[in-house]
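In terms of mature numbering (1 follows the signal peptide of the UniProt record, and there is no 0), the sequence shown is residues -23 to -1, 1 to 472.
Data block below; observations after.
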Amino acid sequence: MSPGKKTLLALATSLLLPATLHAATDAETLYQQHCASCHGADRLGGMGPALLPENLSRLKKPQAEEAIQHGRPATQMPAFGNVLDEASVTALAEYIYQPPATNPTWEKTDITDSHLLPHPTGTLPDEPAYDADMMNLFLVVEIGDHHVTLLDGDSMEPIHRFASRYALHGGPKYSPDGRFVYFGSRDGWITKYDLYNLKVTAEVRAGINMRNIAVSADGNYVMAANYLPHTLVLFDADNLELLEVLPVASGDETSRVSAVYTAPPRDSFIAALKDIPEAWEITVVNGMASVRRIQTDTWLDDFFFDPGYDHLIGAARDGKHGMVINLDTGETVADLPLPGMPHLGSGITWEYEGRRVMATPHFRAAAVSIIDMDNWQVIKTLETAGPGFFMRSHENSRYAWVDVFFGPNKDKVHVIDKQALEIVKTLQPAPGKVAAHVEFDRYGEKLLLSVWDQDGAVIVYDADTLEEEKRIPMNKPSGKYNVWNKIHYEEGTSH
Ligand code: DHE
């Protein structure tokens, strides 16, 4: 068709189309301008979640408008209220509830087609290519420019820095011997990296919008938990070859997966579902998964386990309480009065007066709750300078650290005495910049804290004197992950 005819056709079409379609076209443009960079040009997700009707089934349109206008707490979603007028906000909210032109799918063939295998298992040398205590290495995820830095935990000097997939999220998971690490990205990529040879060995895209990954205690399997599609996906840990796609459904209902974790003493994976009130225990034998369904009283969001993996401690989706589920009987054994949207994924435990306690920050309350794990009573609520995201300690340290993360005191970090159950120090290492997420070295003697900024740093502290030792410049460092602590399921760190 000639350019002249195209213009005429466009003009005729614009005169004939109903008003709503004009709005949709405008909304599409707005979407591409303001949303596509995080949520994907095709709305299939990226840094932000997929914006498709099925992903939004639990979010009412006014809430979507509210999120566009004011941003969302505890996420990277910024407020657009001062950039977009009300009509544009409404048009965008309408738009994201419209089904896309073609239904997004991510089938077995998409997964296998995405598979990359630059270094199959057994083809790289079995000795580290550099000199370091391989058990005291740290990985630092730098979300500012999507890189990872490998840090020597003795000298606290960077060893290597490499590009990651876009928007890594959640903790990378190590193989049981600490040689390999598996990263998960928000848009579904799993990357296996060899820490001995400093090389990516295998990659695969498990889904369109992924929550996290887990590595089985024996190191043989990797499980991916997806928001989109509604699946759990099992891979062989050697070369990331697809073993099985488990549809996450009950009757006609399908569900997003809140997260999946490995439960070492049970030789299983535990997943919680976001849209069906169930937790799943998945056991894999000879590459075949079998699922045991545990009915729960409500939908579970964030969750955590006691050290023996006898109980799952989950945050209810309404953000108003927590619940304790016995993983053997499936019974809910306690309801935890945690009204401030507890971030149980950040929970840690320690010994206090001869019993085990756990502590969790809250997304919507300036508080840390400390809970007796014998009777599931909240024994202390510490008032903080604002809602926190991450909590950390180490068995050998008398202190636990919690960040503030949200609000005017986001640049502050509290140090809690684990026996006095009191905040004993508040640090403000870089005024105006978020200071968050701590990880200790293998001995619990030093720790790293992120200055969460593009012009940021990882700060090394002496864990006992709380004195700053050095700053290592980094680009928006988020999580730090010590090999020893992770493979030994250290009580003060995330699993
Ligand atoms: Fe996370 C871990 C869920 C927003 C940084 N986050 C996790 C895990 C879950 C989770 C289930 C545990 C996975 C694992 O380690 O295997 N995160 C959520 C959310 O539901 C939430 C609130 C909304 C969302 O956007 O998905 C959310 N998380 C964020 C952020 O906005 C953070 C601060 C920045 C970012 O990178 O997106 C963020 N989340 C992290 C980090 C971890 C994490 C650094 C790993 C913590 C660890 O020490 O193990």
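Ideal placement from N, C-alpha and C gives every residue a C-beta, glycine not left out.
Closer than 7 Å: residue i CB and nearest the ligand DHE heavy atom
| i | result |
| --- | --- |
| I120 | yes |
| A236 | yes |
| F367 | yes |
| R333 | no |
| V339 | Per the sequence shown, residue 339 should be read as His rather than Val. Flag unset: Cβ of H339 not near the ligand DHE. |
| N189 | yes |
| H146 | yes |
| Q40 | no |
| H92 | no |
| S455 | yes |
| Q53 | yes |
| H414 | yes |
| S370 | no |
| G322 | yes |
| S162 | no |
| A471 | Residue identity check: residue 471 is Ser in the sequence provided, not Ala. Checking every heavy atom of the ligand DHE against the Cβ of S471, one is found closer than 7 Å. |
| D279 | yes |
Counted within 10 angstroms of its Cβ, other Cβ atoms place residue i as buried (16 or more) or exposed
| i | result |
| --- | --- |
| E416 | buried |
| G456 | buried |
| L321 | buried |
| V390 | buried |
| Y72 | buried |
| L93 | exposed |
| N459 | buried |
| G(-20) | With a pLDDT of 41 at G(-20), under the threshold of 50, the modelled position of this residue cannot be trusted, and the question is left open. |
| G469 | buried |
| V345 | buried |
| R369 | buried |
| S471 | buried |
| T326 | buried |
| N80 | exposed |
| Y198 | buried |
| T442 | exposed |
| R182 | buried |
| K463 | buried |
| M265 | exposed |
| R269 | exposed |
| E399 | exposed |
| K453 | buried |
Rounded distance between the beta-carbons of residue j and residue i, thought under 8 Å
| i | j | result |
| --- | --- | --- |
| A70 | A27 | A70 to A27, Cβ: 15 Å. No contact. |
| F246 | A191 | 6 Å |
| V234 | V225 | 6 Å |
| A440 | L424 | 5 Å |
| V222 | K85 | 6 Å |
| P364 | F382 | 7 Å |
| H288 | F282 | 7 Å |
| T306 | D274 | Rounded, the Cβ-Cβ distance is 14 Å, inconsistent with contact. |
| A240 | A248 | Rounded, the Cβ-Cβ distance is 10 Å, inconsistent with contact. |
Opposing strand residues paired with residue i [DSSP bridges]
| i | result |
| --- | --- |
| Q272 | E255 |
| W327 | V334 |
| A266 | V261 |
| R233 | Answer is none; R233 lacks a bridge partner. |
| G299 | A292 and L313 |
| F340 | Beta-bridge pairing links F340 to no other residue. |
| Y438 | L424 and E445 |
| M111 | M111 is not bridged to any residue. |
| G433 | M451 |
| A64 | Its beta-bridge partners do not exist; DSSP assigns none. |
| F280 | G291 |
Near the ligand COA: residue i beta-carbon under 7 Å from a heavy atom
| i | result |
| --- | --- |
| P97 | Judged by which ligands are present, the ligand COA is missing from the structure shown, whose ligands are the ligand DHE. |
Enumerated in chain order, which unbroken segments of the beta strand (DSSP E) with a length of 3 residues or greater are wholly contained in the region 154 to 199? Correct list: 157 to 161, 166 to 171, 176 to 182 and 186 to 192.
Whole beta strand (DSSP E) runs in the region 125 to 157 with 3 or more residues, listed along the chain? 134 to 140
Unbroken stretches of the beta strand (DSSP E), 3 residues or longer, contained in the region 350 to 417: Secondary structure in the region 350 to 417: the beta strand (DSSP E) runs of 3 residues or longer, each lying completely within the stretch, are 354 to 360, 376 to 380, 390 to 394, 399 to 404 and 412 to 417 in chain order.
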